[in-house]
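**Student:** Dropping a structure here in structure tokens format, bear with me for questions.
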């Protein structure tokens, strides 16, 4: 049995939409034409994550891009929201993220007299239409007269929203931009249905067949592996069964990519199992285990995990477990 990934949506989004060219497919769809015509997407670059260390466990997939806007730097903050229960405080969370982004800019440019525009965007692929507030102003616990009296003085933020529950597959197919991003958006749109399907085999087969036209256009083989791996990860089937279904339903030219995706998924499941075993051993022998140690284990590969697990038996301290080889 493959060990499941607790955050497959975030991992998938990170792999696809951290590429500015792929993210532009979302941004062009939700930003007004006056903005998209002024943004120079060809010069977009991904900035470092806003979150470090122990915060990585709790955050959603977030991407901070710097994109020239009418010749001046602008920051575009994109967040993936996939919970079935919508986050009513999303605007407040984005304000915190925006503050970190602007603080980072000021630290980098301490003599700056003006700030870059910061454009917040949420990519939502829940099953139901987004109905939560999109503006921070709506969240304040004030009667309307008092809230209006304070308008202009209370911190505020309103985000752009790409609500995939309200966009059809055909519309996603027609979005301008790379095939990989369009494939990823369609698969994200169906992820919840795939995960909760009463007949997962039939649901996976149907989704795969619906992607055939785009797959015939696809040239990014590494990107296809990412898409197929996500499909196999979300559906409630063993990788071998899912692989067989995809191999039969998809064009022959991508079958090798399906095999690679299934192999990667099995390997990732083994690494997650190794991490879980090591953490249990560490907690049993050296509790409490500091968050920085847990984070180190969470990002380690198979070779490191094997080494550390072997050391736990005879180690008298955490330092001995994680000591670098002489």
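Residue numbers (this note's numbering): 55 to 380. Glycine included, every Cβ here is placed at the ideal spot set by N, Cα and C.
1) Could you tell me which of 301, 329, 366 and 239 sits nearest to residue 177, measuring between CA atoms?
2) Kindly indicate which residue of 277, 331 and 291 has the alpha-carbon position closest to the one of residue 308.
3) Out of 350, 318 and 319, point me to the one whose CA is closest to residue 332's CA.
4) Would the stretch 75-91 and the stretch 285-300 be scored as touching if the rule is three or more Cβ pairs under 8 Å?
5) Using a 10 Å radius around the Cβ and a threshold of 16 neighbouring Cβ atoms, would you call residue 135 buried or exposed?
6) Look at residue 320 and residue 344 and say whether their C-beta atoms are less than 8 Å apart.
7) Could you give the distance in angstroms between the alpha-carbon of residue 317 and the alpha-carbon of residue 301?
8) So, are the CB atoms of residue 217 and residue 246 less than 8 Å apart?
9) Excluding the 5 residues preceding and the 5 following residue 226 in the sequence, name in chain order all residues of the same chain whose CB lies nearer than 6 Å to its CB.
10) Could you give the C-beta distance for residue 304 and residue 262, rounded to a whole number, given that I count them as a contact under 8 Å?
11) Tell me where the beta strand (DSSP E) around residue 314 begins and ends.
12) Given a threshold of 16 other Cβ atoms within 10 Å of its Cβ, counted over all protein chains shown, does residue 370 qualify as buried or as exposed?
13) Compute the beta-carbon to beta-carbon distance between residue 155 and residue 133, rounded to the nearest angstrom, for a pair I have assumed lies under 8 Å.
14) Counting Cβ pairs closer than 8 Å, one from the stretch 192-204 and one from the stretch 147-161, do we hit at least three?
15) Report the residue from 215, 357 and 97 whose alpha carbon sits nearest the alpha carbon of residue 145.
16) What is the residue span of the alpha helix (DSSP H) that residue 431 lies within?
17) Measure how close the beta-carbons of residue 288 and residue 62 come, nearest whole angstrom, since I'm counting them as under 8 Å.
**Tutor:** Well, looking at it:
1) Looking at the Cα atoms, 239 is the closest of the given residues.
2) Residue 308 has its Cα closest to that of 277, out of 277, 331 and 291.
3) That would be 350, whose Cα lies nearest to the Cα of residue 332.
4) The stretch 75-91 vs the stretch 285-300: no contact.
5) With 16 or more Cβ atoms within 10 Å of its Cβ, residue 135 is classed as buried.
6) Against a cut-off of 8 Å, the Cβ pair of residue 344 and residue 320 comes out as no contact.
7) Cα to Cα, residue 317 sits roughly 14 Å from residue 301.
8) Between residue 217 and residue 246, the C-beta gap is not smaller than 8 Å, which leaves the two residues out of contact.
9) So the qualifying residues of the chain are 236, 239 and 240.
10) About 5 Å separates the two Cβ atoms, so the contact holds.
11) First-last for residue 314: 309-340, but that is the alpha helix (DSSP H), not the beta strand (DSSP E).
12) Answer is exposed; the Cβ neighbour count stays below 16.
13) Contact doesn't hold; Cβ gap of about 12 Å is too wide.
14) With a cut-off of 8 Å, the stretch 147-161 and the stretch 192-204 do not count as touching, because too few Cβ pairs lie within range.
15) Ranked by Cα distance from residue 145, the options 215, 357 and 97 are led by 215.
16) Shown here, the chain extends from 55 to 380; a query on residue 431 therefore has no answer.
17) Rounded, the Cβ-Cβ distance is 6 Å, consistent with contact.
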